[in-house]
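>
Residue numbers (my numbering): 1323 to 1581.
#1: Within a Cβ cutoff of 8 Å, which residues of the same chain sit near residue 1480, ignoring the five residues on either side of it in sequence?
#2: Grab the span of the alpha helix (DSSP H) containing residue 1485 for me, first residue to last.
#3: Among the residues of its own chain, which have a CB less than 7 Å from the CB of residue 1440, if the five just before and after it don't count?
#4: By the 10 Å Cβ neighbour count, where 16 or more other Cβ atoms means buried, how is residue 1565 classified, buried or exposed?
#5: When DSSP labels each residue in this structure, what does residue 1364 get in the three-state scheme?
#6: On the CB-based measure, 16 or more other CB atoms within 10 Å of its CB, does residue 1547 come out buried or exposed?
#7: Can you give me the start and stop residues for the alpha helix (DSSP H) that residue 1457 sits inside?
#8: Looking at residue 1374 and residue 1388, is the spacing between their C-beta atoms short of 8 Å?
#9: Measure the CB-CB distance between residue 1360 and residue 1341 and report whether it falls below 8 Å.
#10: What is the rounded straight-line gap between the Cα of residue 1557 and the Cα of residue 1563?
#11: Anyone know if the C-beta pair for residue 1386 and residue 1434 falls short of 8 Å?
#12: Going by DSSP, what residue range makes up the alpha helix (DSSP H) through residue 1546?
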């Protein structure tokens, strides 16, 4: 299931989009993706997902290589399958800008125009830029420094005054100073290859540790879910019992007791 999550992420298929495609709630998508085997999904939902990915069985998931051609194929299948199942919804400009004030409407319109220009070029570079941008936005609330990166880029490219601080001024000031030093060092090419290699290895080690911790948290949550189902006498999570199961998971966590 970890590989399936990675594929969906690489394809840019959000939980909301997948939920609409499968015709279930977003919460159910989270429930499905927490299962350790896609064969435990409801049969109709599993078939829809396999059709979307262009494979015949769950075992083929590990063989999927996400490249530009595959992304285009999946996007085409999404459009076709949505049309065939009457699950598509026309999104009007009114829907997109609903609830926004005039200033934010204009900002969103400008962003959409820029993104549209890039994605219409249909290049792998632009796709990866937008994919990384999507990942960036997804992570921005969990890593405060990402906001400071945006401020640094806006200032260094001349769009924002250098002494304007819209976030935490003290932390943003410190981050920009360190970032400037790092960029200056990067541009000078004065760092030895061995130091670069050592630094990058530390970066790789840290990322791998985070991934291992994430897997550990997923396994712990799965254990909690199994215990909750056992105590409630259920065999699976569904739309009817989801709230009860997650309340039980919270209770078990508070007890600190897994049996």
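Beta carbons are placed, not taken as given, at the ideal position from N, Cα and C, and that holds for glycine.
The model shown is predicted, which means the values in this text are computed figures rather than measured ones.
In brief:
#1: none
#2: Unbroken run through residue 1485: none, as it is neither H nor E.
#3: 1448, 1451 and 1452
#4: It counts as exposed.
#5: Residue 1364: coil per DSSP, three-state reduction.
#6: buried
#7: 1446 to 1461
#8: no
#9: At least 8 Å separates the beta-carbon of residue 1360 from that of residue 1341.
#10: 11 Å
#11: no
#12: 1515 to 1554
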